[in-house]
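Since the structure comes first, as structure tokens, the remarks are kept for the end.
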């Protein structure tokens with residue numbers, strides 16, 4: 472009889488051991504342990520009740536031997552008893568009383584209940600309740616074995632929760648890496664890519680999935696370096712060194728499509744318990760826009776210093792000439808000089824206004840003062856102004872007779888016209904015809920300004936509406952301008968809900984700029 476008892480004990484322990492080592496869900500493991508517990512003492516039914524540490528409640532994790540309706544009663548009981556560390560003993564006692572009452576209300580003839588606590592250290596994580604029919608005498612060996620079953624169940628619950636937390640943390644870190652605005656790449660000890668996030672995929676043009684398993688140098692291909700060494704050279708020179716764990720490499724990188732971008736990569740080594748490098752985490756930042764901003768700042772300082780200096784020098788020179796005490800200038804000379812001073816002051820005012828508008832755009836305080844207006848009237852006023860400034864150009868204006876009212880900011884739309892007319896004159900130095908043509912469509916009005924000048928080279932067309940951008944040729948270097956006019960014109964037209972674009976003339980020299988605005 473003792474031999475049979477030991478054999479059964481061994482079989483149950485082997486079954487539980489196999490369940491714990493197999494890739495089974497927590498529910499399946501607890502069900503196997505519960506069934507072994509009930510069968511070992513010839514019980515009739517059982518349930519496993521677990522405390523949920525997240526929402527501080529109890530729930531039935533699994534059951535054995537009860538009809539489905541009984542589990543609903545158990546859940547109803549447990550929902551009324553939130554877990555509280557301070558009142559743990561009272562809550563457990565109340566659960567035991569309630570569970571026994573529900574079990575005895577069934578027609579299963581259950582008379583006894585044996586509670587087996589599931590403990591993790593000093594913390595109670597749940598209980599196993601085993602129900603029997605009749606009177607059963609538990610010997611000390613059986614109680615000890617049943618408690619070992621409960622201990623195995625506690626281990627399974629603890630491991631499952633640790634695994635859930637591990638998976639949740641891994642998913643959270645994966646989401647952080649994937650959604651990071653910076654590029655992130657992880658390399659193994661052989662410098663092969665194991666992680667390549669979405670931001671880095673956008674930067675480099677590589678599909679993230681296609682990079683996994685590739686060597687670092689297959690993807691990170693430097694055209695030129697701004698730092699002394701890249702990763703491979705640094706490793707050959709003993710990196711990582713004490714107190715210099717991070718390595719930063721900057722330079723021009725070739726994307727997969729052979730385009731070149733500016734990148735900064737900071738490599739951080741991960742060391743194992745023996746101090747050997749197991750992985751490298753690379754944080755990648757796209758410096759292309761930063762480099763462009765640096766160039767813009769240089770251009771800004773150069774252009775503004777020149778553009779401010781010129782009218783100030785002219786004003787100072789003419790004012791100084793008029794101020795001379797040893798000269799008696801005739802009235803017509805005085806008038807001519809004063810007109811020059813006034814023109815240069817106006818030019819200086821326009822320059823300052825453009826700079827202020829650009830700063831308002833940057834700060835997000837750009838606002839329109841809307842009113843109903845006639846675009847042909849604005850064009851007529853602007854052409855009168857520019858006709859007096861050139862004797863080489865002729866303006867031709869064409870509008871339909873029934874051109875509608877539009878809603879817009881008169882001052883700023885005049886600024887757009889001034890910019891377009893000024894450019895048409897400036898970039899057609901030999902003179903010629905400047906055509907202004909208005910049209911009416913279903914919901915928009917359009918205005919085109921066509922010149923017969925030098926046109927815009929294809930390789931520079933993408934820069935035309937950028938801040939401080941000017942054509943890179945001999946003519947533009949001789950002419951005045953800050954490169955803000957078209958940048959501001961685009962912002963003004965788009966703020967009105969319209970669009971602006973350009974194209975080189977098809978069958979003649981020059982360029983046509985066109986913008987459209989919604990009708991009032």
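Numbering (the numbering used here), first residue to last: 472 to 991. Yeah, the Cβ is synthetic: ideal placement off N, Cα and C, and Gly gets one too.
Residue i - DSSP class collapsed to helix/strand/coil
i, result
"residue 933", "helix"
"residue 945", "Its pLDDT being 44, under 50, residue 945 is placed unreliably in this model, and the value from its coordinates should be taken loosely. Looking at residue 945 - three-state DSSP - the assignment turns out to be helix."
"residue 881", "helix"
"residue 905", "strand"
"residue 664", "strand"
"residue 917", "strand"
"residue 638", "helix"
"residue 498", "helix"
"residue 474", "In this predicted model, residue 474 has a pLDDT of only 45, less than 50, meaning its place in the structure is not dependable enough to derive any value."
"residue 591", "strand"
"residue 976", "coil"
"residue 818", "helix"
"residue 912", "coil"
"residue 847", "helix"
"residue 551", "coil"
"residue 871", "coil"
"residue 893", "helix"
"residue 781", "helix"
"residue 658", "strand"
"residue 927", "coil"
"residue 512", "coil"
"residue 836", "coil"
"residue 619", "helix"
"residue 842", "strand"
"residue 482", "helix"
"residue 542", "helix"
Cβ-Cβ separation, residue j to residue i (assumed contact under 8 Å), whole Å
i, j, result
"residue 921", "residue 983", "4 Å"
"residue 569", "residue 520", "Wrong, their Cβ atoms sit about 11 Å apart, outside the cutoff."
"residue 868", "residue 907", "5 Å"
"residue 957", "residue 936", "5 Å"
"residue 515", "residue 579", "6 Å"
"residue 809", "residue 782", "At roughly 15 Å, the Cβ-Cβ gap does not stay under 8 Å, so residue 809 and residue 782 are not in contact."
"residue 828", "residue 849", "With a Cβ gap of about 18 Å, residue 828 and residue 849 do not count as contacting."
"residue 506", "residue 535", "5 Å"
"residue 717", "residue 753", "With 8 Å as the limit, residue 717 and residue 753 do not qualify as a contact, their Cβ atoms being about 11 Å apart."
"residue 497", "residue 604", "That pair is no contact at about 29 Å."
"residue 508", "residue 601", "6 Å"
"residue 595", "residue 559", "6 Å"
"residue 501", "residue 533", "5 Å"
"residue 791", "residue 899", "Actually they do not touch by this definition, with Cβ atoms about 35 Å apart."
"residue 647", "residue 624", "Actually they do not touch by this definition, with Cβ atoms about 35 Å apart."
"residue 865", "residue 891", "The pair is not a contact, with the Cβ atoms about 16 Å apart (cut-off 8 Å)."
Residues that DSSP places opposite residue i in a beta bridge
i, result
"residue 861", "Paired residues: none, contrary to the question."
"residue 517", "535 and 601"
"residue 583", "603"
"residue 1019", "The chain is shown from 472 up to 991; residue 1019 falls before or after that span and cannot be answered."
"residue 522", "529"
"residue 866", "905"
"residue 757", "734"
"residue 982", "975"
Distance cut-off 8 Å: residue i Cβ against heavy atoms of the ligand FMN
i, result
"residue 914", "By its list of ligands, the structure shown contains no ligand whatsoever, and the ligand FMN lies outside what it can speak to."
### Message
Check whether the region 704-721 and the region 675-688 are in contact - that is, three or more C-beta pairs closer than 8 Å.
### Response
With the cut-off at 8 Å, the region 704-721 and the region 675-688 do not touch.
### Query
Would the region 544-555 and the region 630-645 be scored as touching if the rule is three or more Cβ pairs under 8 Å?
Taking 8 Å as the limit for Cβ pairs, the verdict is that the region 630-645 does not touch the region 544-555.
### Message
Going residue by residue through the region 675-755, where are the continuous beta strand (DSSP E) segments of at least 3 residues, counting only ones entirely within it?
### Response
Correct list: 692-696, 718-725 and 731-742.
### Query
Given 8 Å as the limit, is there contact between the region 711-727 and the region 651-665, that is, 3 or more CB pairs closer than that?
Under the 8 Å Cβ criterion, the region 711-727 does not count as touching the region 651-665, having fewer than three qualifying pairs.
### Touching by the beta-carbon criterion (3+ pairs, under 8 Å), the region 755-763 and the region 725-744
Counting Cβ pairs under 8 Å, three or more are found: they touch.
#### Entry: Meets three-Cβ-pair contact criterion under 8 Å: the region 874-881 and the region 843-858
In short, these stretches touch, since the Cβ pair count reaches three.
### Meets three-Cβ-pair contact criterion under 8 Å: the region 581-597 and the region 499-519
A contact between stretches requires three or more CB pairs, one per stretch, nearer than 8 Å, and the region 581-597 meets this requirement with the region 499-519.
#### Entry: Stretch-stretch touch, CB-based, cutoff 8 Å, three pairs: the region 527-539 with the region 659-678
Per the Cβ contact rule, the region 527-539 is not in contact with the region 659-678 (fewer than 3 Cβ pairs under 8 Å).
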